[in-house]
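J.:
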Amino acid sequence: MIAAQEQIKIICKGIDTLLQKDELTEKLEKAVKEERPLTIKFGMDPSAPDIHLGHTVALRKLRQMQDLGHKVVIIIGDFTGRIGDPTGKSKGRTALSEETVKRNAQTYCEQIFKVLDVEKTEVRFNSEWLSKLDFEEIIRLAATTTVARMLERDDFQSRYRNQIPIGVHEFFYPLMQAYDSVVIGADLELGGTDQTFNILMGRNLQKAYGQEAQVAMFVPLLVGLDGKEKMSKSLGNYVGIDEPAEVMFKKLMEVPDELIVTYFELVTDEHPDRIAEIRRQLAAGVNPRDVKLILAETVTGLYHSREEVEAARAYYRDAFSNKAIPKKLPELPVRAGETVYDAAAELIDMGLVASKSEFLRLVKQGGVQLNGEKLEPADVQKTLKPQDVMKIGRKRFVRFV
């Protein structure tokens, strides 16, 4: 295990907040001396199973800590998910059925191991212990905090101030999530900035149960390709980790110049010293496009083979530098009688358009071509045939087969 100070440098790369750096340093020094891993906790929201690069910010940080020799414990909130985490909005989140939670958890796990090391990851369902608590234990759990402390949480405070009902059961969500930390003996809990209250509650509960308190670390939200809003599939400013290499590479070349370093920090495993050098190069006037090519290759290479990355770069060069139709295109099977409009749903799944409304808007603006000819709005009912090539906007191609 490498020295604690070097670990701190890597662990702190790109994070939003580390509230107890001295405590983490002390934990790491002890772990190095005793040659044992720290236990890193990460809670999984079973209501959101689809992963894009925004979700991988936390996952990449977990992977970096695994590579440093530590153990990651993924807590799947199958029990807490049936209650519903307060959302920060004007009402509580709808509780999920047991079947929905399990289905979402399965989908999520299939995706997270594209980032995490399965050998260094332990997956636990919190129903394993929360469903077994008797009423006396629940009362003991509730006695560790106060209503006033609960009302310090922003969403509870806002709802109370605006006379919007708060169910008593909602107070138990942060307590149950905190109890997860007690059960696994977490040394550090990682989460988004929206989980600040819950993670700090874990520290308090561990102290109440006579444990050493976990360190609280928070990762920032990733700004999407529009350079303005949080990355979101609904906003169309996302890069999905399951997208074809050509699509992923092309999207990463659209990262705003001012976010290049941020993307290196948050969605790659590059060493902090390497990122500092990239920052210096950009400040010295290096063409941002050249650096984005490195970014696109680096990120695409995390989810695709070397051959796929090279093909994606050639595709990008042919399509957008040489202004030619690339030799190798993403392919989409065409069904008998399928129209241009029918294919829009599949184009959405491939990440080539965000929605059917966006596709129709591009057609109206003359931004969609079929075999080199611009499509008019009436042409959306045109029947597709094998070997048709569609160009969407300036940088998206698909061949129907």
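According to the numbering used here, the residues represented by the sequence shown are 4 to 404, in order. By construction, the Cβ of each residue, glycine as well, lies at the ideal position given by its N, Cα and C atoms. Bear in mind that the values here come from a model prediction, so they are computed numbers and not experimental data.
How big is the Cα-Cα spacing for T59 and I115?
T.: Near 8 Å, if we compare the C-alpha coordinates of I115 and T59.
J.: When DSSP labels each residue in this structure, what does K92 get in the three-state scheme?
T.: At K92 the pLDDT is 47, less than 50, meaning the model places this residue with poor confidence; the figure from the coordinates comes in the next sentence. In this structure, K92 counts as coil in the three-state DSSP scheme.
J.: Please tell me whether P333 and P247 are closer than 8 Å, where the distance is taken between their beta carbons.
T.: Result yes, Cβ atoms of P333 and P247 sit closer than 8 Å.
J.: Cα separation between A346 and S134?
T.: Going from the Cα of A346 to the Cα of S134 covers about 46 Å.
J.: Are the region 23-43 and the region 189-207 touching by the rule of at least three beta carbon pairs closer than 8 Å?
T.: Because the criterion of three Cβ pairs below 8 Å is met, the region 23-43 and the region 189-207 touch.
J.: With 16 as the cutoff for other CB atoms within 10 Å, does T386 come out buried or exposed?
T.: So T386 counts as exposed.
J.: At what residue ranges does the region 138-191 contain a whole run of the alpha helix (DSSP H), taking only runs of 4 or more?
T.: Complete alpha helix (DSSP H) runs here, min 4: 138-145, 150-153, 157-164, 171-187.
J.: L56 and M234 - do their beta-carbons sit closer together than 8 Å?
T.: It is a contact, given that the beta carbons lie within the stated cut-off.
J.: Taking C-alpha atoms, which residue in M68, L136, E140 lies nearest to V118?
T.: Measuring from the Cα of V118, the nearest candidate turns out to be M68.
J.: Taking DSSP as the reference, what is the three-state secondary structure of E376?
T.: Here E376 sits in strand by DSSP.
J.: For F200, which three-state DSSP category applies?
T.: F200: helix per DSSP, three-state reduction.
J.: Looking at the structure shown, is M251 part of a helix, part of a strand, or coil, going by DSSP?
T.: Helix at M251.
J.: L65 to V75, Cα distance in whole Å?
T.: Each residue's Cα considered, the two are about 7 Å apart.
J.: Straight-line CA distance for Y224 to V218?
T.: Inspection of the sequence shows that residue 224 is occupied by Leu rather than by Tyr. One C-alpha to the other measures close to 20 Å.
J.: How about the region 5-12 and the region 192-207: do they share at least three Cβ pairs that are nearer than 8 Å?
T.: Not touching, per the Cβ criterion.
J.: Would you identify the three-state DSSP class for I11, choosing helix, strand or coil?
T.: Here I11 sits in helix by DSSP.
J.: What separation, rounded to the nearest whole angstrom, lies between the Cα atoms of F82 and I43?
T.: Their backbone Cα atoms lie some 20 Å apart in a straight line.
J.: Report the three-state DSSP secondary structure of L193 (helix, strand or coil).
T.: L193: strand per DSSP, three-state reduction.
J.: Could you pull the start and end residues of the beta strand (DSSP E) that K44 belongs to?
T.: Counting along the chain, the beta strand (DSSP E) containing K44 begins and ends at 42-47.
J.: Report the rounded CA-to-CA distance for L255 versus N165, giving the unit in angstroms.
T.: Cα-Cα distance, rounded: 43 Å.
J.: Once the 5 residues before and after V366 are set aside, which same chain residues still bring their CB inside 7 Å of it?
T.: Only L378, P380, V383 meet the Cβ criterion.
J.: Out of curiosity, what's the CA-to-CA distance linking S93 and R277?
T.: Reliability fails at S93, whose pLDDT of 42 lies under 50, so the model's placement of it is uncertain and no value is given.
J.: Please confirm if M47 has its CB atom under 8 Å from at least one CB of chain B.
T.: Absent here is chain B; the protein component of the structure consists of one chain.
J.: Following the continuous alpha helix (DSSP H) through I244, name the residue where it begins and the one where it ends.
T.: From DSSP, I244 is part of no alpha helix (DSSP H); its letter is neither H nor E.
J.: Within this structure, are the beta carbons of V404 and P389 separated by less than 8 Å?
T.: Yes.
J.: DSSP three-state call for F128: helix, strand or coil?
T.: The answer is strand: DSSP assigns F128 an E or B state.
J.: Among L238, T124, V126, Y182, which residue has its Cα nearest to the Cα of I142?
T.: Checking every option, the nearest Cα to that of I142 belongs to Y182.
J.: Kindly indicate which three-state DSSP category L355 falls into: helix, strand or coil?
T.: Coil, per DSSP.
J.: With distances taken between CB atoms, is the gap from L285 to V226 smaller than 8 Å?
T.: It is not a contact, given that the beta carbons lie outside the stated cut-off.
J.: Return the chain-ordered list of same chain residues with a C-beta closer than 7 Å to the C-beta of E268, the five sequence neighbours on each side being excluded.
T.: Counting only Cβ-Cβ distances below 7 Å, and skipping sequence neighbours, we find K16, G17, I278.
J.: In three-state DSSP terms, what is I83?
T.: Looking at the sequence shown, residue 83 is not Ile but Thr. In this structure, T83 counts as helix in the three-state DSSP scheme.
J.: What's the C-alpha gap between V312 and V250?
T.: Whole-angstrom Cα-Cα distance: 11 Å.
J.: Report yes if the C-beta distance between F128 and I79 is below 8 Å; otherwise report no.
T.: Yes, Cβ-Cβ distance for F128 and I79 is below 8 Å.
J.: Out of V289, M179, F252, M220, point me to the one whose CA is closest to E131's CA.
T.: Out of V289, M179, F252, M220, M179 has the C-alpha closest to the C-alpha of E131.
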